[in-house]
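Trainee: To start, I am sharing the structure in question, which I have written as structure tokens.
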Amino acid sequence: MSTDHQYLDLLDPEAVNRASSLGLYARLVVEGAKVGEHRSPQKGFAIEFAQHREYGAGDDVRHLDWKAHAKTDRLFIKQYEQDTNFVLQILVDCTGSMNFSSGKLSKFDFARVLAATLSHLVLSQRDAVTLGFIGNGQPELLPLSDTPGRLPLILNALANARADGALSIAEDFKKLTTRLARRSITILISDLLQNEEDLLNLFPDVRYQNSELLVLHVMDDAELSFPYKGKTRFEGLEGEVPLTLTGGELAEAYREAVKAHSAKLQRACERHDVHYVLINSSNPLSESLSEYLTFRRRLQR
Amino acid sequence: MDFLAPTFLWGGLAVCIPLLLHLLRRQQTTVVPWAAHRFLHAVSTKVRRRTRLRNFILLLIRCLALLLLALLFAQPSKNHKDGYATSGKVLVFVDQSGSMAYRDGQRSRYDLAGLAAEEAVNQMPEETRLALFLYSDKASMLVNDMPPDAQLLARELRKYEPIQQESDITAALSTGLSALKERDFSGDLLILTDAQASAWTRVSEIQKLLAEAKANEVSVRVINVVDADTSANLAVTKIQPLSDRQFVDAVVPVKIEVLNGGDDNSKRVRVQLELSSGVSVAEGWLDPIKPGESAELVLEFTPKTEGYHVLTALIPTDGLSLDDSRSIGIEVRSPIRLGIVESFLSGPERERHGFFVSAAATPYGRVNERGTPIKSRFLQVNQMPSNLADHYDVLVLAGLSNIPTASQPALREFVRDGGGLWVLPSGNPSQALELLNQPIFKAWFPGIRSRAVVQDERTGVTEAPYDHPIVGYWNNETAGTFRSLTADKWLKVEGGLDVDEVLSFKNQSPLLIANEASGRVLFSTVPLNNAWSNFPRHPQFVPLVQRCIDWLSSPVSKEGWNETDLDANAEIPHAGFSVNMPPRESQLKAEAVNEILNRHLGELGKAVDFDVPSKGLLSKAGPDISSATLWLIAGLLFLVPFELMFAGRRPGRT
């Protein structure tokens, strides 16, 4: 993956097009500073009617529904849905394991493209986006960007990022939770190969802030299917002790273990009302992304 | 264990292939940078241990399968004694006794023995040299030195077939050991037989021979070619005319014995009697016979022509046809021509000296089981023809006082030619003594005159036992006695005569004396009429006269044809110049030779390699698969599901 001035390569054109058409709707009702495409929990007095509320002293009489008063002889205030914009916070795992690749793209490359695409999508919706890297012990969030003109800053940060961390992503994630905006959407892109218990324990905190959390579990195709048959020496990307094994012997048990791990994560996420999506990095990003966005849109309805 | 194609045993080295593959593949390791170590750590320990065990079992199964395949292609066969390979000489003895002709289906036991021999020979190393023998009660060599060529062996054996002789294992053992002795006992004995227990009855001799074999390290292998546990066989074991001699137109009773030599009860048995021409002359039925038992019946027939005939008793053909008939040769004779010579033939017949003899011979036909047909006629002494032998078998000189000189040569020649002469004295004492002075008479009874006087004294006849064949019949009390026979007058002849006393008075003086030194001559010391004794009125008179005539008419044994040629009633060659089957050979009832070997022969018997029954050897009688091959195939089939199971469950297989 090139860096510096070729950061625009991070945008997958097909993914951007397909995602744009679908949009990234906040699954939860987010609270934004601007009026955007997303519904706000604050009932306003705009275009879309939401509900009636009984009139109370101090209410603005302009919002009285006189027709309802005529029918029921009681005073009601009309309330409307108020559109707002939201903040998307993208956290990318930059531990060494993300460097694994069995094809052209490593998991980290895939994660960067994914983050770039999502950023572009969000900014183009006039929502705000911020980006952070975890797993290197220095979790930082870029300044919040809410105009498309700020996209190059994000892409530049992605292009310059390296997956060379070997520290706990849970620790870094914990450090960032206090800085995460309330009522925002947080997307965690990681291969989740570290001890998942610590990470899962943080989910309630995020949800407590009324922030939506989305876990994009990125795995390489080789990690999922384990295609190795013969004698193979597996050398760890994060300094683990090398293992020499006969691939064919382990494949079935390995696949079972991966499946169990994924299932466990999914169950834990569901428990905390967190979206969990397993993404095969060998599949086209556009497919994986549009599939999820379609799913989100269906939930919106 | 021997192998028909031992070259394929090299294929056993193929077990190295999986090992080599394993070792070669060990060296090829691919290096992969890997992220998901946590999953590998979790599963590798458990899976590797299980997989290693599974792979080891799989390796064993495959190596074993390759070994079994190599063994299968090498065609294992039952061990034929290691001695074959080392000694190089094998003496093959095939039982040729009568029982080997038994057929239980298409093949006879002899054929099965041939097949077993072929198979045994096929399993011998190429350098083996064979000697082929046939044996029954004696052994004979067919081929002395031949390669282990089954076809050659089969061709030799096909030239022969079972013969009607008894089987005797000692014949094979002794001949084999004698033959090996010349080669310093470097060789083995292979005996193919139907293992009739009757062949193993000479236990002490067998023990001696087996001891010799053991001492000289000669292995003795006996292959029993009999598969069937039961057999059915009826045999004619005896055919015997109940009369000593047979005459034309006289009934001949024939005793026939049938043996059930099989294991099952027989049904009713039809027995036929055939004469030379193959024409059935009599038949009868026997009730069912139990296994191992015999039954007899008597059939009668009447021969119509004289001469030698083959008399054959037949039963329906069964598995063993050799003993379904039995033959004897019989001589059928014309009735005895009796001439009664008198001085004169004038006057009534009843007053003639020879009347009583003539009357006694008259009851023509069967008087008792020795009944003899006799045709008698009177003739005058001076009118006797010169060629008496052409007209008469027996002459009785009745009451002659002298024999004309002219007639004496004819009489001498008659006796010399085999005719029988019976001299009866005259009732006149002086004439009786005068007869004894005749030179011709002195030649037959030398010195009798000087010791003979006419004794005027009542006396009786001595009681049994009697030595002479004429009166031997009365040694049996049921046949009657001479107790009441008395004489008031007789020619007293003192002892010392060179003749046989047939019957004697109680005072030792003979009543009947016989001389067969130069032809059969009989002399009675009393005339056979009422003059001197009560003989003609005695109950034994008629049979005694008949037996005398019978004896006189029978050929002289000392120089007759019947010693060099066929004896009358001797069992004569059956068709194909074989003899009748020995009765023991018909006994096919399954006997335990094993028991003889183990119980009676002790350790020596146990040393004998006895195959019972030789189903494995008789491959051409059934599928050509030895039991070892079947076991190997079963082993391979047994391994297949395990191979599939372990190989299929192996991780990495889809």
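Chains as they are written, first to last, in the working numbering: chain U, 1147 to 1447; chain X, 61 to 714.
Cβ coordinates follow ideal geometry from the N, Cα and C atoms, glycine included.
Note that the coordinates shown come from a computational prediction; the quantities given were computed from them, not determined experimentally.
Give the straight-line distance between the Cα atoms of X/Arg430 and X/Val339, rounded to the nearest whole angstrom.
Mentor: Bear in mind that the predicted position of X/Arg430 carries a pLDDT of just 48, short of 50, making it unreliable; the figure below should be weighed with that in mind. Going by the C-alpha atoms only, they are around 26 Å apart.
Trainee: Does DSSP put X/Trp592 in a helix, in a strand, or in coil?
Mentor: In the three-state DSSP reduction, X/Trp592 falls in the coil class, being neither helix nor strand.
Trainee: Over what stretch of residues does the beta strand (DSSP E) that includes U/Phe1279 continue unbroken?
Mentor: 1274 to 1280
Trainee: In chain order, what residues of the same chain have a beta carbon less than 6 Å from the beta carbon of X/Leu572, not counting five sequence neighbours either side?
Mentor: Answer for X/Leu572: Val562, Leu563, Ser584, listed in chain order.
Trainee: Hey, does U/Tyr1422 have any beta-carbon neighbour from chain X nearer than 9 Å?
Mentor: No, U/Tyr1422 does not count as interfacial toward chain X.
Trainee: Could you give the residue range of the alpha helix (DSSP H) that holds X/Thr235?
Mentor: In the DSSP assignment, X/Thr235 falls within the alpha helix (DSSP H) that extends over 229 to 241.
Trainee: Among the residues of its own chain, which have a CB less than 7 Å from the CB of X/Glu265, if the five just before and after it don't count?
Mentor: Thr230
Trainee: Round the Cβ separation of X/Leu371 and X/Val314 to the nearest angstrom and send it over; I've been treating them as touching at under 8 Å.
Mentor: Between X/Leu371 and X/Val314 a beta carbon distance of about 7 Å is seen, short of the 8 Å cut, so the two are scored as contacting.
Trainee: Could you tell me which residues DSSP puts in a beta bridge with U/His1363?
Mentor: U/Ser1336, U/Leu1424
Trainee: To the nearest angstrom, how far is it from the Cα of X/Ala74 to the Cα of X/Leu124?
Mentor: 10 Å
Trainee: Let me see if you follow: with CB-CB separation under 9 Å, is U/Leu1339 close to chain X or not?
Mentor: yes
Trainee: Under a three-way DSSP split, which group does U/Ala1216 fall into?
Mentor: In the structure shown, U/Ala1216 falls within a helical segment according to DSSP collapsed to helix, strand and coil.
Trainee: Taking only beta-carbon positions, decide if U/Met1147 is within less than 9 Å of chain X.
Mentor: With a pLDDT of only 44 at U/Met1147, under 50, the local geometry of the prediction cannot be trusted, and the value read off the model is given with reservation. So no, U/Met1147 is outside the interface.
Trainee: Could you check whether the Cβ of U/Lys1250 sits closer than 9 Å to any Cβ belonging to chain X?
Mentor: no
Trainee: Excluding the five sequence neighbours on either side, which residues of its own chain have a C-beta within less than 7 Å of the C-beta of X/Lys141, listed in chain order?
Mentor: Note that X/Lys141 scores a pLDDT of 41, beneath 50, so its modelled location is shaky; the value from the coordinates is reported in the next line. Same-chain partners within the cutoff: Asp248, Ser279, Arg281, Asp669.
Trainee: Quick check on X/Ala214 - is its C-beta less than 9 Å from some C-beta in chain U?
Mentor: no
Trainee: For X/Gly143, name the three-state secondary structure that DSSP assigns.
Mentor: Low per-residue confidence applies at X/Gly143: pLDDT is 38, beneath 50, and the placement is therefore not dependable, though the value from the model is reported in the following sentence. Here X/Gly143 sits in helix by DSSP.
Trainee: Could you check whether the Cβ of U/Asp1158 sits closer than 9 Å to any Cβ belonging to chain X?
Mentor: no
Trainee: So, does the CB of X/Arg108 fall closer than 9 Å to a CB anywhere in chain U?
Mentor: yes
Trainee: Does the Cβ-Cβ distance between X/Ala191 and X/Ala239 come in under 9 Å?
Mentor: If you check the CB distance, X/Ala191 and X/Ala239 come in under 9 Å.
Trainee: Which residues in chain U sit within 8 Å of X/Thr90, going by Cβ to Cβ distance?
Mentor: Here the neighbours are Tyr1374, Gly1376, Lys1377, Thr1378, Arg1379.
Trainee: Report, in whole angstroms, the separation of the C-beta atoms of U/Leu1389 and X/Ser104, which I expect to be a contact under 8 Å.
Mentor: Right, the Cβ-Cβ distance comes to about 6 Å (below 8 Å), so this counts as a contact.
Trainee: Applying the 10 Å Cβ sphere with the 16-neighbour rule, what's the burial state of U/Tyr1422?
Mentor: buried
Trainee: Report all residues from its chain with a CB closer than 8 Å to the CB of U/Leu1370; omit the five preceding and five following residues, and keep chain order.
Mentor: Arg1401, Val1404, Asn1426
Trainee: Pull the bridge partners of X/Phe698 from the DSSP assignment, please.
Mentor: Answer by DSSP bridge pairing: none, since X/Phe698 is not bridged.
Trainee: Compare the C-alpha of X/Lys552 against each of X/Ser168, X/Asn536, X/Ser394, X/Asp516 and name the closest.
Mentor: X/Asp516
Trainee: Among U/His1418, U/Ser1408, U/Thr1241, which has the Cα closest to the Cα of U/Ala1316?
Mentor: U/Thr1241
Trainee: Please check the pair X/Pro207 and X/Ala161, which I expect to be a contact at CB under 8 Å, by giving their CB distance rounded to whole angstroms.
Mentor: The Cβ separation is near 29 Å, so there is no contact.
Trainee: How would you list, in chain order, the residues of chain X whose beta-carbon sits under 8 Å from the beta-carbon of U/Glu1369?
Mentor: Residues of chain X passing the Cβ test: Ala95, Ala96.
Trainee: Taking the alpha-carbon of X/Gln568 as reference, which of X/Ile388, X/Thr522, X/Pro506 has the nearest alpha-carbon?
Mentor: Residue X/Thr522 is the option with its Cα nearest to X/Gln568.
Trainee: U/Val1404 versus chain X: which residues are under 9 Å apart at the beta carbon?
Mentor: Ala96, Phe99
Trainee: So, for U/Glu1384: in the same chain, excluding its five sequence neighbours on each side, which residues have a beta-carbon less than 7 Å away from its beta-carbon?
Mentor: Thr1241, Gly1242, Ser1243, Ala1312
Trainee: Is X/Thr111 close to chain U? Criterion is C-beta to C-beta, closer than 9 Å.
Mentor: yes
Trainee: Would you list the residues sitting across from X/Phe361 in a DSSP beta bridge?
Mentor: The partner list for X/Phe361 (beta bridge, DSSP) reads X/Val312.
Trainee: DSSP on X/Glu402, reduced to helix/strand/coil?
Mentor: strand
Trainee: Taking buried to mean at least 16 other C-beta atoms within 10 Å of its own C-beta, is X/Glu226 buried or exposed?
Mentor: Counting every other CB atom within 10 Å of its CB across the protein chains shown gives X/Glu226 a total of 16 or more, marking it as buried.
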